[in-house]
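With this note's numbering applied, the sequence shown covers -17 to 177. Built from N, CA and C at the ideal position, the CB exists for glycine as well.
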Amino acid sequence: MMSVLGVNKMRTIMLVLVCFICTVLFSAERSPAETYQYVDEKGTMSFTDNPVSIPKSARKSKSMGDIDNGDDSVTTFRLINNHVIVAVSVIYKGREVKGQFVFDTGANSSVISPDIARRLDIRDSDTSVAMMQGVGSAGAVSTVVLDAIKLDGKAAGNLEVSVVRFANYDGLLGMDFLAGKKFQIDYHGRKIRWM
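Now the structure itself:
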């Protein structure tokens, strides 16, 4: 028979071993997964990192909102501070400028920086004022309707965007541009595959 001291020592060793295993398993750096987008039969757009969870009906059907107006099926991006950064062209009154935008599936609408607005020669008289709601705050922002935003062969026209100051980027590409477009983000390869 083991003594009480021996049992306690064995429990301590087992506890340390379990803690070590859990630390190794849960602190290992997880590689980013690919993200899949689909539209279900109700028209709801969803995102998942597990392609098996996509309903069969969504795999075979095309969304009514799909827009594929270009042959470019792959867009390369830079990953900076966990932000997907893409090269975008912004067009206003026939004038086109390029910028580095955050590709943001969590944003409802696209945003341009005051610098992009200046380079497009957007004047105060061209803008409207709207309320912008953020996490924990709200405020008035200038908005303007752009002729188009282009990302490689993909484009969306007549988008109303807000003009908001960014620290390091020229703008944000939101769901007003991305809606109806099917894509897969490959974080390891730094590519967006358009489907």
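In this structure, how does DSSP classify residue i when only helix, strand and coil are distinguished?
{"i": "V72", "result": "strand"}
{"i": "D134", "result": "coil"}
{"i": "D165", "result": "The sequence as given places Phe at residue 165; Asp does not occur at that position. DSSP places F165 in strand when its eight states are reduced to three."}
{"i": "A10", "result": "Residue confidence for A10 is low, a pLDDT of 41 falling below 50, so the modelled location carries little weight; the figure read from the coordinates is stated next. A10: coil per DSSP, three-state reduction."}
{"i": "K44", "result": "For K44, the predicted model reports a pLDDT of 35, less than 50, meaning its position is unreliable; a value from the coordinates is still stated below. Reduced to three states, the DSSP call for K44 is coil."}
{"i": "T5", "result": "Interpretation of T5 is limited by its pLDDT of 49, a score under 50 that renders its predicted location unreliable; the figure taken from the coordinates is listed afterwards. Residue state, collapsed to three classes: helix."}
Give me the DSSP bridge partner(s) of residue i.
{"i": "V126", "result": "V143"}
{"i": "L102", "result": "Per DSSP, none; premise fails for L102."}
{"i": "G153", "result": "F83, I94"}
{"i": "L160", "result": "L160 is not bridged to any residue."}
{"i": "T57", "result": "I174"}
{"i": "D108", "result": "Paired residue(s): none; D108 is not in a bridge."}
Any beta carbon of chain C sitting closer than 8 Å to that of residue i?
{"i": "A112", "result": "Considering every chain present, this structure includes no chain C. It has just one protein chain."}
Output the boundary residues of the beta strand (DSSP E) element that contains residue i.
{"i": "R175", "result": "173 to 176"}
Tell whether a beta-carbon distance below 8 Å holds between residue i and residue j.
{"i": "G139", "j": "D152", "result": "no"}
{"i": "G156", "j": "S92", "result": "yes"}
{"i": "K173", "j": "V79", "result": "no"}
{"i": "L141", "j": "D86", "result": "no"}
{"i": "L160", "j": "V70", "result": "no"}
{"i": "A112", "j": "S144", "result": "yes"}
{"i": "R77", "j": "D103", "result": "yes"}
{"i": "I167", "j": "V84", "result": "no"}
{"i": "K163", "j": "K136", "result": "yes"}
{"i": "V68", "j": "I131", "result": "no"}
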